[in-house]
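Read in order, the letters of the sequence shown correspond to residues 336 to 800 in the numbering used here.
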Amino acid sequence: MQFSSAVFLILFLPAVMFLYKIGRNLTCKNITLLLASLLFYAWGEPEFVFVLAGGILFNYLAGIFMEKFTASGKKYILIVSIAFNLGILILYKYLCFILQNLPGYPEMKIPNIHLPVGISFYTFQIMSYIFDVYYGKAKAQKKFLHLALYISMFPQLVAGPIIRYSAVEVEIRERHETGKDFSEGVSRFIRGLAKKILIADFLGGIADKIFITAQYSDIAVLTAWCGALAYTFEIYYDFSGYSDMAIGLGRCFGFHFQENFNYPYISRSVTEFWKRWHISLTDWFRDYVYIPLGGNRVSRKRHIWNLFLVWLLTGIWHGAEWTFILWGMVWFLLQLFEKKTGIHRKLPAVPGYLLTMLLITIGWVLFRAENITTAFRFIGNMFFPFKGWYDASTLQYARNGAVVFILAYIGSFPCFRYLKERMLSSCRGTLLYSIFDCVISISLLFISLLVVINGLYSPFIYFNF
Numbered sequence: 336m337q338f339s340s341a342v343f344l345i346l347f348l349p350a351v352m353f354l355y356k357i358g359r360n361l362t363c364k365n366i367t368l369l370l371a372s373l374l375f376y377a378w379g380e381p382e383f384v385f386v387l388a389g390g391i392l393f394n395y396l397a398g399i400f401m402e403k404f405t406a407s408g409k410k411y412i413l414i415v416s417i418a419f420n421l422g423i424l425i426l427y428k429y430l431c432f433i434l435q436n437l438p439g440y441p442e443m444k445i446p447n448i449h450l451p452v453g454i455s456f457y458t459f460q461i462m463s464y465i466f467d468v469y470y471g472k473a474k475a476q477k478k479f480l481h482l483a484l485y486i487s488m489f490p491q492l493v494a495g496p497i498i499r500y501s502a503v504e505v506e507i508r509e510r511h512e513t514g515k516d517f518s519e520g521v522s523r524f525i526r527g528l529a530k531k532i533l534i535a536d537f538l539g540g541i542a543d544k545i546f547i548t549a550q551y552s553d554i555a556v557l558t559a560w561c562g563a564l565a566y567t568f569e570i571y572y573d574f575s576g577y578s579d580m581a582i583g584l585g586r587c588f589g590f591h592f593q594e595n596f597n598y599p600y601i602s603r604s605v606t607e608f609w610k611r612w613h614i615s616l617t618d619w620f621r622d623y624v625y626i627p628l629g630g631n632r633v634s635r636k637r638h639i640w641n642l643f644l645v646w647l648l649t650g651i652w653h654g655a656e657w658t659f660i661l662w663g664m665v666w667f668l669l670q671l672f673e674k675k676t677g678i679h680r681k682l683p684a685v686p687g688y689l690l691t692m693l694l695i696t697i698g699w700v701l702f703r704a705e706n707i708t709t710a711f712r713f714i715g716n717m718f719f720p721f722k723g724w725y726d727a728s729t730l731q732y733a734r735n736g737a738v739v740f741i742l743a744y745i746g747s748f749p750c751f752r753y754l755k756e757r758m759l760s761s762c763r764g765t766l767l768y769s770i771f772d773c774v775i776s777i778s779l780l781f782i783s784l785l786v787v788i789n790g791l792y793s794p795f796i797y798f799n800f
């Protein structure tokens, strides 16, 4: 089930909200949320709910047993738990890719294994719980209901943010939903829905057409740039829109999830970009891979190895394709270059911003392309006029998408946040902002629902990961 589907918006969410609000106590509300989350995940592919449930049960027991053993016993349970969780992930997400790259692949019969939605997200969330219990940062959860709710909570189940157990542990067992939380949550959800439906999906249509054309023939330079920029903004508004919806829904139920995006397209360096993009994943690799390996407090060669491993795993996490692995290696080399030369601290603001955006855009082409050959062809078309500088399709895309492109670019800056802060600085401004926010939210919801009802939305990009 998708947040941007009519079933979710018109049937599922209102029903869950009603049942949740009439719950007598927090236990009833948690049970309602858990059952709703399992139904949400089982919608369309009910068999995979057993994979999720099995992972919850196994790690629930692993956490409890981990606290009962000495250091050596804990380490053994940690290894078994990691092997189990990564084994499930490898089976569903990477086995076919591994088999396809083995010698003798053409003669092998490759099994058709369907990928469970969001398996990378909830697997990393489960593993963060096990790591925190092992390192003593959290106590093992004795109540199965609480751990099951933490792992399967539908607002962030299939596409993040990757929530730490310690961040919601207290709110699972005691929380109070306030009117302010609910109103701000609804507003945040609507803004995320609009980002997805009105901007990401529109630009995604342009990007898809151009990338499909580029698979079979060269395209004009400006057409290639149009496709690259369309996907650059599509993936940002798609994924940040989902995060906004997840955070907003969490607020409606009394949870305060961490931010996952902080205007990444205003970055002046590669390092800054990855502190602003998909923050929960960046933090996960930092805390559970990079720092345990020694971080930057090791020899120069070991530091390079640590960075290499983190970016290799980041690329692999995103998908079982060579394009993702190469994408991770490109970011590794760029970040290593920045760290060793300090060039990002020497460049003036504007050149640093322009160079970073250029690298981000090229990186997203590699991320989006069907294969490495197509990616290099597309990037070549961005800089060399094999089919000229522009053609009729360039003008058509520019004419039809100009307004959305402009809105997408402006929206990538913290203009709304700046306006909100200025308006909330006075009592009169607070009232004006409340009215403004209400009018904008109702308008965006109405327009988004019209698009959804007409069946013009598309799946979230990160559902594939």
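Each residue gets a CB set at the ideal place from its N, CA and C atoms; glycine is no exception.
_Every unbroken alpha helix (DSSP H) inside the stretch 696–721 [4 residues or more]_ = 707–718
*Whole-angstrom C-beta distance between L644 and G663, which should lie under 8 Å*: The pair is not a contact, with the Cβ atoms about 10 Å apart (cut-off 8 Å).
*Name the residue from R635, Q593, K636 whose alpha carbon lies nearest to the alpha carbon of W619.*
Q593
*Alpha carbon to alpha carbon, how far is K472 from V786? Give it in angstroms, no decimals.*
45 Å
*What residue from G358, F568, G390 has the CA that sits closest to G736's CA?*
F568
*Out of curiosity, what's the CA-to-CA distance linking K531 and R632?*
41 Å
*Report whether the distance from the Cβ of L616 to the nearest heavy atom of the ligand NAD is below 7 Å.*
Here there are no bound small molecules, and the ligand NAD is not part of this structure.
_Nearest to D553 (by Cα), restricted to the options E402, I714, V739_ = I714
*When we look at the beta-carbon of T765 and count the other beta-carbons within 10 Å, is it buried (16 or more) or exposed?*
exposed
*asked:* Taking only three categories from DSSP, how would you classify G746?
replied: helix
*Indicate whether the contact test is met: 3 or more Cβ pairs, each with one atom in the stretch 743–757 and one in the stretch 578–591, closer than 8 Å.*
no
*Thinking just about the alpha-carbon of each residue, which of L533, D543, A542, S455 is nearest to the one in L784?*
L533
*With C-beta atoms as the reference, is M717 less than 8 Å away from V556?*
yes
*Cα-Cα separation between E509 and G630, rounded to whole angstroms*: 36 Å
*Using a threshold of 8 Å, state whether the C-beta atoms of F331 and L528 are closer than that.*
Since the first and last residues shown for the chain are 336 and 800, residue 331 lies out of range.
_Ignoring anything shorter than 4 residues, give me the alpha helix (DSSP H) runs that lie fully in the stretch 353–391, in order along the chain._
361–377
*Run of the alpha helix (DSSP H) containing S522, from where it starts to where it stops*: 514–529
_Residue environment, T729, which counts as buried when at least 16 other CB atoms sit within 10 Å_ = buried
*Is the stretch 443–459 close to the stretch 376–392, with three or more CB pairs under 8 Å?*
yes
*Scan the stretch 542–619 and note each continuous beta strand (DSSP E) run of 3 residues or more that stays entirely inside, going in chain order.*
none
*For G280, which of helix, strand or coil comes out of DSSP?*
Outside the displayed span of the chain (336 to 800) sits residue 280, for which this structure offers no information.
*With DSSP collapsed to three states, give me the class of G723.*
strand
*In angstroms with no decimal places, state the Cα-to-Cα distance between M336 and P627.*
37 Å
*Range covered by the alpha helix (DSSP H) that runs through M336*: No alpha helix (DSSP H) holds M336; DSSP gives it neither H nor E.
_Let me check understanding here. Comparing Cα to Cα, which of G790, F608, K755 lies closest to I775?_
K755
*How big is the Cα-Cα spacing for H591 and I433?*
39 Å
_Suppose the cutoff is 7 Å on Cβ atoms and the five residues either side in sequence are ignored; what does the same chain contact list for L693 look like?_
none
*Extent of the continuous alpha helix (DSSP H) run through G408*: 406–424
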